[in-house]
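Residue numbers (UniProt numbering): 1 to 368.
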Ligand SMILES: Nc1ncnc2c1ncn2[C@@H]1O[C@H](COP(=O)(O)OP(=O)(O)OP(=O)(O)O)[C@@H](O)[C@H]1O
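Set out below in structure tokens:
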């Protein structure tokens, strides 16, 4: 029996006068997949191709067993036949209808009707707004209506194109939390385009990175971010260690939270009350900038710096006067940016055992 999740299989090309999109990628239809890349790398074009808004696509797109596009067999499903939901930055809602009217419209057009409108209203926290007209809503509230409307159409895949970019921080956090809840409760796969690595790290399982119309990286989000650490001359991300770690202690008597690595070493960070909402399967996501970590040859027991981890240097990569160390602590790689001067002074070499140190405040979580 095949237990692999169904996939979105994309093997397409598309040409504009000054831009070519060439994608050959299978994406598992589970969890949330982030789509990330510089401006004009083709992220929105890819979503439009999947949703059926790009007519000039050549090749194949299949969603599980359903062929959405197959040029050879002259298959090109209309957007409404694809069972793919799409929410944009400025989703168009019906201004002449109330919130409830907009939602009921989506229900009426849906043939399955397995979802209960009340459940979706609850999930998207729209109960108190049902009788409001669209022009009486804030941007964040409108995006929640757009999300609810898209879900009520009972799609097999939900595409989100920068849905948070016009919102303030509080609305962003609320929508991200909602996105996670929707994905889990409805078991609905989501592709989520964003410019913000912060947002993507908070919710995505996998990450697809695009550059000039092609897929540059795809895989587990932490792994992809670590791969990007090595891509010199590309300012897409700040070099960092990206982590999902189990919480051993939420808050000790000193206001610190303890996370544990696979090899049982501990990481301490400053406790924040919002962690309770951010724990996912008992794990907290965090990142440590490579520039916030330093190296010592002996264990720094007399330091005020709370985090010191023992590890082995896996790789040393020099770029002019800067050096990026990859340091293995059990199963986990950590990334450390030091000067070439310090590397020479400490005579660091691959396979050497060293200690990493970083403050609790250097362990950052996402949007607060
Ligand atoms: N209808 C079109 N006709 C011609 N060129 C287009 C059309 N739509 C998009 N493009 C070009 O395709 C390229 C990719 O655009 P796209 O909107 O997919 O990028 P993006 O990665 O989503 O960018 P951003 O992050 O800025 O939204 C750009 O160079 C854009 O100018």
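In this text, a Cβ means the ideal position worked out from N, Cα and C, and glycines have one as well. Here the structure is a predicted model, which means the values were calculated and not measured.
A distance filter of 5 Å between CB atoms and the heavy atoms of ligand 1 selects the following residues in sequence order: 16, 19, 39, 40, 41, 42, 43, 44, 45. In the three-state reduction of the DSSP assignment, residue 353 falls in the strand class. Of all C-beta pairs linking the segment 212 to 229 to the segment 60 to 69, fewer than three are shorter than 8 Å, placing the two stretches out of contact. Across the structure, residue 146 and residue 22 are spaced so that their CA atoms are roughly 30 Å apart.
For residue 263, there is no enclosing beta strand (DSSP E), as DSSP marks it with neither H nor E. A direct Cα-to-Cα measurement between residue 309 and residue 332 gives close to 11 Å. Residue 136 carries a helical assignment under DSSP once its states are collapsed to helix, strand and coil. In the structure shown, residue 199 adopts helical secondary structure according to DSSP, grouped into three states. In the same chain as residue 151, and ignoring 5 residues on each side of it, the C-beta atoms closer than 6 Å to its own belong to 120, in chain order. Every alpha helix (DSSP H) of 4 residues or more that sits fully in the segment 70 to 116 is shown, in chain order, as 99 to 109. Within the same chain, and ignoring the five residues on either side of residue 240 in sequence, the residues whose Cβ sits closer than 8 Å to its Cβ are 225, 229, 287, 288, 289, 290, 335. Taking 8 Å as the cut-off, the Cβ atoms of residue 295 and residue 245 do not count as close. Looking at the DSSP output, residue 283 sits in a beta bridge with 246, 280. Beta bridge pairing from DSSP links residue 180 with no other residue. Here residue 158 is buried, its C-beta having at least 16 other C-beta atoms within 10 Å.
Ranking 257, 263, 266 by CA distance to the CA of residue 276 puts 257 first.
Secondary structure of residue 344 (DSSP, three-state): helix. Within the same chain, 23, 25, 61 come within 6 Å of residue 10 by CB-CB distance, once the 5 residues on both sides are set aside.
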